[in-house]
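Scroll down for the structure; my scribbles are underneath it.
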């Protein structure tokens, strides 16, 4: 029971402060990319300035569309994390005939993974899952129905 409370308090502290994020391109081109640079350039682990790296879990999730949106300052992420109900006015939509609607969603989860650098050569192993989905030229009434 004490462990659950400590975990809950730690999550609250982490979620309390504002956070910023970037897509994985920011670190993937770096000499320090390690496991996150493997998918872009597998030989990058040879130039890593460290001997080994273990990655427990990494994720990149992205969604974009021109139909549904969350209203500004709606607190949708915070409310979703804490299981609070979302009122109907949280979301809005652009229910217009033109332009045709589009959407894109991408996800990447990696881990666990390990790399070992021996100077002139290196090896590594990782588990990863990637998904990319897109819709284009969706009529507005079909977007509303979905």
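In this note's numbering, the protein residues as written are -14 to 131.
Yeah, the Cβ is synthetic: ideal placement off N, Cα and C, and Gly gets one too.
It should be emphasised that the depicted structure is a prediction, and the values quoted were computed from it without experimental measurement.
Counting only residues of its own chain and dropping the five nearest sequence neighbours on each side, residue 13 has a CB closer than 6 Å to the CB of 21, 22 and 25. One alpha carbon belongs to residue 99, the other to residue 46, and they sit about 22 Å apart. Our two residues, residue 40 and residue 63, have alpha carbons roughly 27 Å apart in a direct line. Rounded to whole angstroms, the Cβ separation of residue 120 and residue 87 is 6 Å, and the two are in contact under 8 Å. Pairing residue 58 with residue 69, the inter-Cα distance amounts to about 15 Å.
Taken through DSSP and simplified to helix, strand or coil, residue 29 comes out as helix.
For residue 60, the three-state secondary structure derived from DSSP is coil. Proximity of the stretch 49 to 56 to the stretch 76 to 84 meets the contact definition, three or more beta-carbon pairs being nearer than 8 Å.
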